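Asker: Residue numbers (my numbering): 265 to 427. No residue lacks a Cβ here, since even glycine has one placed at the ideal position from N, Cα and C. Remember, it's a predicted structure, so these values are computed and weren't measured experimentally.
1. Could you check whether residue 359 and residue 331 sit closer than 8 Å to each other, using their CB atoms as the reference points?
2. Does DSSP put residue 316 in a helix, in a strand, or in coil?
3. Going by the beta-carbon positions, is the gap between residue 394 and residue 409 smaller than 8 Å?
4. Give the list of continuous beta strand (DSSP E) stretches no shorter than 3 residues that lie fully inside the segment 300-388.
5. Contact between the segment 303-314 and the segment 282-292 is defined here as three or more beta-carbon pairs at a separation below 8 Å; is this criterion met?
6. Let's test the definition: count the other Cβ atoms within 10 Å of the Cβ of residue 421 and tell me whether it reaches 16, buried, or not, exposed.
7. Any contact between the segment 315-327 and the segment 335-342? By contact I mean 3 or more CB pairs, one from each, below 8 Å.
8. Measure the alpha-carbon distance for residue 276 versus residue 373 and round it to whole angstroms.
9. When DSSP labels each residue in this structure, what does residue 408 get in the three-state scheme?
10. Check the C-beta distance from residue 362 over to residue 334 and give it rounded, since I have them as a contact under 8 Å.
11. Spatial neighbours of residue 364 within its chain, please: C-beta separation below 6 Å, excluding the five flanking residues on both sides.
12. Give me the Cα-Cα distance between residue 376 and residue 281, rounded to the nearest whole angstrom.
13. Just tell me which of 299, 352, 270 and 318 has its CA closest to the CA of residue 405.
14. Are residue 272 and residue 345 close, meaning C-beta to C-beta below 8 Å?
15. Helix, strand or coil: how does DSSP classify residue 297 here?
Structure, rendered in structure tokens:
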């Protein structure tokens, strides 16, 4: 399956705990003021790659213990990330995902692959980056409005959630 990305980082230690393989998807509708990755906003930018290539690149590095989907906006390409994420889960990786949407906004989309992608994520970092709420003291997030959501606990407690 093909996916449009801006780039990848192997052995990242800033996009979740431990050494992680981070995929920066290309394309973002949010255009947050002060965004850390403005080069990822253009939906026609970046490059198109095969998800098999991303999987192999991550798996070849024995230090990677997790995978992070960042961007850009990962939920703008939910089908490709879900298919790729399933393979990472089967290999035992935990998955973190950054999104400019809140989890409530994602649920309201009522999109099959948005729901499926949410079903395999371990930690969701949600909410747009807000420059006036920027903080360097927050672990794994850029502004105070963003939340670190334990998705297993959320799936166990939210009755109306169905992928």
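Answerer: Checking against the coordinates, here is how it stands:
1. Here residue 331 refers to the residue found at position 67 when the chain shown is read from its first residue. Here residue 359 refers to the residue found at position 95 when the chain shown is read from its first residue. Yes, Cβ-Cβ distance for residue 331 and residue 359 is below 8 Å.
2. Taking the chain shown and counting its residues from 1, one reaches residue 316 at position 52. The answer is helix: DSSP assigns residue 316 an H, G or I state.
3. Residue numbering aside, residue 394 sits at position 130 when the chain shown is read from its first letter. Residue numbering aside, residue 409 sits at position 145 when the chain shown is read from its first letter. Yes, Cβ-Cβ distance for residue 394 and residue 409 is below 8 Å.
4. 311-314, 330-334 and 358-362
5. yes
6. Taking the first residue of the chain shown as 1, we reach residue 421 at position 157. Classification for residue 421: exposed.
7. no
8. Taking the first residue of the chain shown as position 1, residue 276 is located at position 12. Taking the first residue of the chain shown as position 1, residue 373 is located at position 109. Whole-angstrom Cα-Cα distance: 31 Å.
9. The count along the chain shown starts at 1 and reaches residue 408 at position 144. Here residue 408 sits in coil by DSSP.
10. Here residue 362 is taken as the residue at index 98 of the chain shown, counted from 1. Here residue 334 is taken as the residue at index 70 of the chain shown, counted from 1. That pair is a contact at about 5 Å.
11. Residue mapping note: residue 364 aligns to position 100 of the chain shown, counting from 1. Same-chain partners within the cutoff: 294, 337 and 392.
12. For the purposes of this step, residue 376 is identified with residue 112 of the chain shown, where counting begins at 1. For the purposes of this step, residue 281 is identified with residue 17 of the chain shown, where counting begins at 1. If I take the Cα positions, the gap works out to 29 Å.
13. Translated into the one-based positions of the chain shown, residue 405 becomes position 141. Ranking 299, 352, 270 and 318 by Cα distance to residue 405 puts 299 first.
14. For the purposes of this step, residue 272 is taken as the residue at position 8 of the chain shown. For the purposes of this step, residue 345 is taken as the residue at position 81 of the chain shown. Not in contact: residue 272 and residue 345 (Cβ atoms no closer than 8 Å).
15. One-based indexing of the chain shown puts residue 297 at position 33. Three-state DSSP puts residue 297 in coil, outside helix and strand.
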